[in-house]
Every structure is written in C-alpha cells, then in structure tokens.
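Contents: one structure, followed by commentary.
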Amino acid sequence: GINTIQLRIKNPQQADLEQQIIRAIELGRQYQAQVFINDYWQLAIKHGAYGVHLGQEDIEESNLAQLTKAGIRLGLSTHGYYELLRIVQIHPSYIALGHIFPTTTKQMPSKPQGLVRLALYQKLIDSIPYTNTEAAFRPSKDKAVSDNVLGFPTVAIGGIDQSNAAQVWQTGVSSLAVVRALTLAESPQSVIEFFAQLMKERQLTFTDKNIELAHSKRGEHAHG
2 GINTIQLRIK NPQQADLEQQ IIRAIELGRQ YQAQVFINDY WQLAIKHGAY GVHLGQEDIE
62 ESNLAQLTKA GIRLGLSTHG YYELLRIVQI HPSYIALGHI FPTTTKQMPS KPQGLVRLAL
122 YQKLIDSIPY TNTEAAFRPS KDKAVSDNVL GFPTVAIGGI DQSNAAQVWQ TGVSSLAVVR
182 ALTLAESPQS VIEFFAQLMK ERQLTFTDKN IELAHSKRGE HAHG
C-alpha cells in the first residue's frame with residue numbers, strides 16, 4: 002500500500018479545512034502512514050502532522066524556527082537551479098522536482114521541466130553533501146549515520162503515470178509522486194502494485210531513515 006500522503010486543500014477558506022487536516026492526520030496514525038500537510042503549517046504543528054510541504058512562495062511566510070521546534074519534517078518545491086541552490090541552505094527533509102510533465106492538478110507558472118532537466122537536477126543534487134548534523138528537518142537517527150552521504154531525498158512530481166513512470170524513475174530520483182494516476186484509475190490497487198513493482202527494481206525497502214517521502218534511492222522510503 003501507500004505509506005506517505007500529501008494533503009493539498011486549495012481553498013484556505015474552506016469551511017471544514019481544519020477538520021479535514023485533523024482527519025488526515027488521524028488516518029495516517031491509524032494506518033501507520035506519513036502525512037504531509039501542504040501549506041497550512043500552523044495547523045500541521047497544532048495537530049501533530051508528520052510533515053509539511055511548502056512552495057517557494059510559502060517559505061518566507063512560514064516560520065522555520067517553529068517547524069524545527071515542533072520536530073516536523075519539511076518538504077520544499079523547486080522549479081529550477083536557482084531554487085535548488087536556495088533551499089539546500091535550509092536542509093529540507095526532501096526536495097520536490099517538477100513539474101515534469103503537463104499537469105491539471107495545479108496551475109503552474111513555468112513550463113514542464115521534462116526528463117532531461119530532471120536528470121540534470123538529480124545529478125546536481127547527488128553532488129551536494131547531505132552531512133550537516135545540525136540540519137533541523139532530519140530525524141536524529143539519520144543525522145547520526147549520514148556523515149558521508151551525498152544528495153538529498155528527491156520527489157519527482159507532475160503528470161507522472163504508468164506510461165512515463167519508468168523513464169522518470171531511471172533519472173535517479175528517490176521518489177515518484179502521483180495524483181491523477183490514482184484518483185482517476187478504475188483500479189487504484191493495480192496502479193499501486195505497478196508503482197511498487199517498478200520501485201522494487203532498485204531493490205529498495207520501506208524504512209524511516211531517509212526522511213520518508215517515498216522510495217529512496219538509498220533504500221529508505223516509499224511514496225504513492
């Protein structure tokens with residue numbers, strides 16, 4: 002099954018916003034899944050979410066010190082080299098790379114990155130030391146064993162489905178994020194099994210070590 006989920010509610014004025022967040026976090030605990038809340042970092046802290054995902058425009062508006070104090074994981078979106086180099090200074094739990102292909106789930110200000118750029122971004126990230134033992138958004142057990150690790154965990158996102166997932170996976174990303182491939186599927190379970198099998202080809206295992214958003218190239222997480 003899926004062990005990492007991101008909850009994204011587009012309308013901040015939605016009447017049951019907080020209740021939806023509470024319910025998602027409760028379900029995560031019930032099924033031992035890692036729930037990341039998109040944008041609403043105050044509510045994520047308030048109700049004990051596993052993690053928060055922020056876009057570039059949200060970084061300045063959030064309080065990273067409060068997130069650090071709460072012990073919450075942090076994922077950040079990127080859309081190019083400048084943003085990549087900017088956010089590695091924050092030492093996030095994972096870096097989202099996208100959008101890779103055209104997507105209808107969100108209006109995007111930029112063009113799709115494509116596979117060539119994705120591979121180049123991944124190559125760059127793989128050269129960045131993931132060694133700062135003071136990094137705020139990493140589990141303590143990860144800090145203790147990662148003195149010689151290069152590269153942050155990454156998540157490829159945007160228009161990924163069964164027709165292109167293998168090509169995306171071959172770029173070396175740690176994880177694959179999917180939305181419509183599941184929500185529009187006649188058989189969601191078969192889609193989950195497809196992605197699970199694809200990721201097993203790298204002989205990965207499900208663990209908590211590498212900041213838990215998806216299957217890590219270092220053998221440490223799963224995502225759907």
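Terminal number for the sequence shown in the working numbering: 225, no gaps in between.
Heads up, the beta-carbon is just placed ideally off N, CA and C, and yes, glycines get one too.
Predicted, not measured: the structure shown is a model, and the values here were computed from it.
Each residue's CA atom was taken as its position, placing S176 and Y95 some 10 Å apart.
Per the coordinates, the alpha-carbon of I91 lies some 27 Å from the alpha-carbon of Q171. The residues I129, in chain order, have a CB closer than 6 Å to that of V89 in the same chain once the five nearest residues on each side in sequence are set aside. The three-state secondary structure of F195, taken from DSSP, is helix. Just measuring C-alpha positions, the residue of W42, A34, F37 sitting nearest L68 is W42. Looking at the backbone, the Cα of S164 and that of Y82 are separated by about 27 Å.
Bridge partners of I96 according to DSSP: L77, T155. For T106, no alpha helix (DSSP H) segment is defined, and its DSSP state is neither H nor E.
One thing to note: I158 has its Cβ within 8 Å of the Cβ of G99. For Q123, the three-state secondary structure derived from DSSP is helix. Taking 8 Å as the cut-off, the Cβ atoms of Q33 and N4 count as close.
For H54, DSSP records a beta bridge to N39, G76. Counting along the chain, L8 sits inside no alpha helix (DSSP H); it lies in the beta strand (DSSP E) bounded by residues 5-8. For S78, the number of other beta carbons within 10 angstroms of its own is at least 16, and it is reported as buried.
Short of 8 Å from the beta carbon of V192, and not among the five residues preceding or following it, lie these beta carbons of its own chain, in chain order: Q163, V179, A182, L183, A186.
In the DSSP assignment, P113 forms no beta bridge with any residue. When rounded, the separation of the alpha-carbon atoms in H48 and E62 is 20 Å.
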